[in-house]
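Colleague:
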């Protein structure tokens, strides 16, 4: 098997990191709501319904962003798509900070979601298309690393701003303009994806980009493999996803995306203050717990980056699904008893998720689809992920109001089912080129 040696690590790492800054903004918008909710409840008199809707509308925007990203990425290229995502982030951050009414705020958060959706699709896609096979898993996982950095730094800022008055939430949202501006500048200097260039008959430009990534042997081998995988590619249409040869990969991608959300861990990220409030924690302690959650999330994501190309995708997925199913059962007991161990168990669940399901599912979604349908298939998978996220975070406040700690039994059941889905449906992709993965996924 060709391991694609002879590539320039520093250059590949640099462009992957710039692309992965989209993940930072994803983390920012994902986490900022957790610290802002206590203030928004007072500002706009949120009920549990509006609390869930204000959190979940990010996902509705993200679905629109994914669909937009698929069209922009195919027609104009990956780089313009990343720049558009950065611009949406910047404008929506200012709009949320200045929001005079609840409805204005919700529209601005929808726009932020569109930026999140574009970045959540395009950053992993771009990295997977530009990265050599031997280090692709680590580089795509870098996108998840910047997501968790965004979450941790945002949680720290939220905690710092907690006592600055009733308008603290405006500063929390407004600060998003800084990382989005940096991402926009970085994206401007990125090279276009060589796969997109070859698909659009721009071979000379593709050779120049590949020449910056690796040596002449790497360039020649990459062009041969990419051309082989693109033979017969026409304008992508979503009907192609239903073809018999493509459907197994598409259904697997959708299943992975939905499972990553329905496993339930994002309720802890978005509603940690609400969960800790249920056992009597003060507002200061609630926000401090979000900082602990962000720290554990970061540490275990780094561990995942070290393991994903060594241990492999499938073993990490099995550890994550099985581990969370067991931890949720203990979390229910601890919440019921108001035990101090709740914090430790929730952090263990966050660590398990961060090391396994969080980064690995993004790696697999970026890897498993054939070149002929990659943009359309990634769009469908990521749209499915965001729909599942909306359902999860919209229903949690209402479920938690009625079922209390027993809500986590639902997520335990989902994780048990996910374990068997991974066991029987997922093939290992570690160390394979995208073209080799394609052959494996489309075999009857």
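Residue numbers (the numbering used here): 1 to 444.
By construction, the Cβ of each residue, glycine as well, lies at the ideal position given by its N, Cα and C atoms.
Taking the alpha helix (DSSP H) that residue 369 falls in, what are its first and last residues?
Modeller: Working through the chain shown from its first residue, we reach residue 369 at position 369. Residue 369 -> no alpha helix (DSSP H), and no H or E assigned at all.
Colleague: Hey, residue 113 and residue 262: beta-carbon distance below 9 Å or not?
Modeller: Your numbering for residue 113 matches position 113 in the chain shown. Your numbering for residue 262 matches position 262 in the chain shown. The answer is no: Cβ separation not under 9 Å.
Colleague: Out of curiosity, what's the CA-to-CA distance linking residue 323 and residue 62?
Modeller: As a working mapping, residue 323 is identified with position 323 in the chain shown. As a working mapping, residue 62 is identified with position 62 in the chain shown. Cα to Cα, residue 323 sits roughly 29 Å from residue 62.
Colleague: Contact check, residue 12 vs residue 131 under 8 Å by CB: the rounded distance?
Modeller: As a first step, residue 12 is located in the chain shown; it is residue number 12 there, counting from the start. As a first step, residue 131 is located in the chain shown; it is residue number 131 there, counting from the start. With a Cβ gap of about 6 Å, residue 12 and residue 131 count as contacting.
Colleague: Going by CA-CA distance only, name the one from 254, 246, 297 and 278 that's closest to residue 269.
Modeller: Within the chain shown, numbered from 1, the residue matching residue 269 stands at position 269. Selected option, being the one with the closest Cα: 297.
Colleague: Between residue 284 and residue 162, how many whole angstroms is the CB-CB distance? I'm expecting something under 8 Å.
Modeller: Stepping through the chain shown from its first residue, residue 284 is reached at position 284. Stepping through the chain shown from its first residue, residue 162 is reached at position 162. Residue 284 to residue 162, Cβ: 7 Å. Contact.
Colleague: Could you tell me the distance, in whole angstroms, from the CA atom of residue 159 to the CA atom of residue 287?
Modeller: The residue labelled residue 159 in the question sits at position 159 within the chain shown. The residue labelled residue 287 in the question sits at position 287 within the chain shown. The straight-line gap from Cα to Cα measures roughly 6 Å.
Colleague: Determine the burial state of residue 103: buried for a count of at least 16 other Cβ atoms within 10 Å of its Cβ, exposed for fewer.
Modeller: Along the chain shown, one-based indexing puts residue 103 at 103. Exposed.
Colleague: At 3 residues or longer, and completely inside the stretch 266 to 342: list those beta strand (DSSP E) runs for me, N to C.
Modeller: You should have found no qualifying run.
Colleague: Would you mind working out which of 9, 72 and 32 sits nearest residue 157, comparing C-alpha positions?
Modeller: Here residue 157 corresponds to residue number 157 of the chain shown, with the count starting at 1. The residue with the shortest Cα to Cα distance from residue 157 is 32.
Colleague: Would you mind giving the Cβ-Cβ distance between residue 117 and residue 65, rounded to the nearest angstrom? I have them listed as a contact below 8 Å.
Modeller: Here the question's residue 117 lines up with position 117 in the chain shown. Here the question's residue 65 lines up with position 65 in the chain shown. Contact flag correct, Cβ pair sits at about 3 Å.
Colleague: In chain order, what residues of the same chain lie with their CB nearer than 7 Å to the CB of residue 186, ignoring the 5 residues before and after it?
Modeller: Within the chain shown, the letter at position 186 stands for residue 186. Hits under 7 Å: 18 and 21.
Colleague: What is the DSSP secondary structure of residue 159, reduced to helix, strand or coil?
Modeller: Counted from its first residue, the chain shown places residue 159 at position 159. In the structure shown, residue 159 sits in a helix (DSSP, three-state: H, G or I).
Colleague: Using the Cα positions of residue 58 and residue 96, report the straight-line distance between them to the nearest angstrom.
Modeller: Indexing the chain shown from 1 puts residue 58 at position 58. Indexing the chain shown from 1 puts residue 96 at position 96. Residue 58 and residue 96: Cα-Cα distance of roughly 12 Å.
Colleague: Determine the burial state of residue 189: buried for a count of at least 16 other Cβ atoms within 10 Å of its Cβ, exposed for fewer.
Modeller: Taking the chain shown and counting its residues from 1, one reaches residue 189 at position 189. So residue 189 ends up on the exposed side.
Colleague: Could you name the residues of the same chain whose beta carbon sits closer than 8 Å to that of residue 327, not counting the 5 residues immediately before and after it, in chain order?
Modeller: Position 327 of the chain shown, counting from 1, holds the residue named residue 327. Same-chain partners within the cutoff: 345, 348, 349 and 352.
Colleague: Between the C-alpha atoms of residue 1 and residue 432, what's the straight-line distance to the nearest angstrom?
Modeller: Residue mapping note: residue 1 aligns to position 1 of the chain shown, counting from 1. Residue mapping note: residue 432 aligns to position 432 of the chain shown, counting from 1. Note that residue 1 scores 35 on pLDDT, short of 50, meaning its location in the model is unreliable; the coordinates nonetheless yield the value given after this. So the alpha carbons of these two residues sit roughly 8 Å apart.
Colleague: With a CB to CB cut of under 8 Å and the five nearest residues on each side skipped, what residues in its chain are close to residue 111?
Modeller: Taking the first residue of the chain shown as 1, we reach residue 111 at position 111. The answer, listed in chain order, is 61, 88, 91, 92 and 95.
Colleague: How far does the alpha helix (DSSP H) with residue 248 in it reach, from first residue to last?
Modeller: Taking the chain shown and counting its residues from 1, the one referred to as residue 248 is at position 248. Residue 248 -> alpha helix (DSSP H) spans 247 to 262.
Colleague: Would the stretch 237 to 249 count as touching the stretch 212 to 222 if we require 3 or more Cβ pairs under 8 Å?
Modeller: Cβ pair count under 8 Å is below three, so no.
Colleague: Classify residue 428 as helix, strand or coil using the three-state DSSP reduction.
Modeller: Position 428 of the chain shown, counted from the first residue, corresponds to residue 428. Of the three classes helix, strand and coil, the one that applies to residue 428 here is coil, per DSSP.
Colleague: Taking residue 256 as the reference, which of 388, 106, 396 and 309 has the closest Cα?
Modeller: Looking up residue 256 in the chain shown gives position 256. Residue 256 has its Cα closest to that of 388, out of 388, 106, 396 and 309.
Colleague: What's the gap between the Cα of residue 77 and the Cα of residue 86?
Modeller: Residue mapping note: residue 77 aligns to position 77 of the chain shown, counting from 1. Residue mapping note: residue 86 aligns to position 86 of the chain shown, counting from 1. Their backbone Cα atoms lie some 15 Å apart in a straight line.
Colleague: By alpha-carbon positions, which one of 23, 354, 182 and 72 ends up nearest to residue 264?
Modeller: The residue given as residue 264 occupies position 264 in the chain shown. Checked all of 23, 354, 182 and 72; the closest Cα to residue 264 is 354.
Colleague: In angstroms, rounded to a whole number, what distance separates the CA positions of residue 395 and residue 140?
Modeller: For the purposes of this step, residue 395 is identified with residue 395 of the chain shown, where counting begins at 1. For the purposes of this step, residue 140 is identified with residue 140 of the chain shown, where counting begins at 1. Distance between the alpha carbons of residue 395 and residue 140 is about 30 Å.
Colleague: For residue 281 and residue 72, I'd like the C-alpha separation in whole angstroms.
Modeller: Start at 1 with the first residue of the chain shown, and residue 281 comes out as number 281. Start at 1 with the first residue of the chain shown, and residue 72 comes out as number 72. Roughly 46 Å separates the two Cα atoms.
Colleague: Should the stretch 331 to 342 be regarded as contacting the stretch 300 to 308, the criterion being three or more beta carbon pairs within less than 8 Å?
Modeller: Taking 8 Å as the limit for Cβ pairs, the verdict is that the stretch 300 to 308 does not touch the stretch 331 to 342.
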